[in-house]
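Right, one structure below, let's go through it.
Structure (C-alpha cells):
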C-alpha cells in the first residue's frame, strides 16, 4: 500500500526559508523508475508543479521558481525534502507530495493529503 | 512553460455526458501522448483519473475516458452522477530538460445540475 505524508510548519514569516518533508511508504526511491514530486495549490487556485526527484538523484524544477527551490532525498528514511527560500505571502498554498509514475515520469498516481502553509508576519 | 488552457466551468445534468478540453502547445500536449487528468473534491487531494491520454487506473469508473487531437486533450464523463461534481485538472509532460518537467491546466469546475 503506497502512502505519502507531508510535514512542515503551518506558518512561516516573509523572507524565511520553508522546509517540507514527504515521508512515504509502499515503494522505494532506490528502485529504478521511481520518482517523487511536489505540487502546490494556492487557496481557490490551480495546481502548480514545483519539483521532481528520481531514483537516480536527477532533479527537475519549475522554471519560475528554480532559483528558490531545492529538492533532495534520504532513501534510507523514505523521505523527500523540499526547501523554498525567501518565502512571500503569494507562496501561501497547500503543498502536496506525490509519487510519479509512467513513461518519462509523466503522471502522479499517489498523493499525500497536503499541508497548508501560510506566509504571514 | 505556460499553463494548459481549460474552460473555467462546465455543467451537465445527471445521466448526461460532458467533455472538458485541455489545450496546450506543440511542445507539450502536441508532442507527447503523456496527458493525465485529476479529479479533486473540495478539501481533498487530487486523484488520478486518466493517464497516458486514455488509460484508466484500476478502480476508476469506465464512465471516464480520455482522448487527444493535435494540441488538445479531452476528458469525457458519461452518465453524469452527483459524485462527479468536482474540479478537474489536466497535466502534460513537457520534455526532458531540467526545468518544467510537466505542466498543469488551470482547472475546470464541473457542476452536476
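Chains as they are written, first to last, in our numbering: chain A, -5 to 115; chain B, 3 to 115.
All C-beta atoms in this analysis are idealised placements derived from N, C-alpha and C, irrespective of residue type, glycine included.
Model, not experiment: these values are computed from the prediction.
Short of 7 Å from the beta carbon of residue 103/A, and not among the five residues preceding or following it, lie these beta carbons of its own chain, in chain order: 93, 95. Close CB contacts of residue 20/B within its chain, under the 8 Å cut and outside five residues either way in sequence, are with 12, 13, 14, 78, 79, 82, 112 (chain order). Taking the C-beta atoms as reference points, residue 44/A is found no nearer than 8 Å to residue 30/A.
Here residue 43/B is exposed: its Cβ has fewer than 16 other Cβ atoms, across all protein chains shown, within 10 Å. Under the Cβ distance rule, residue 93/B counts among the residues neighbouring chain A, one pair being separated by less than 8 Å. Residue 7/A sits in coil when the DSSP states are folded into three classes, being neither helix nor strand. Counting along the chain, residue 49/B sits inside the beta strand (DSSP E) bounded by residues 49 to 52.
With a threshold of 8 Å between beta carbons, residue 67/A makes no contact with chain B.
Scanning 84/A, 14/A, 86/A for the CA closest to the CA of residue 64/A turns up 14/A.
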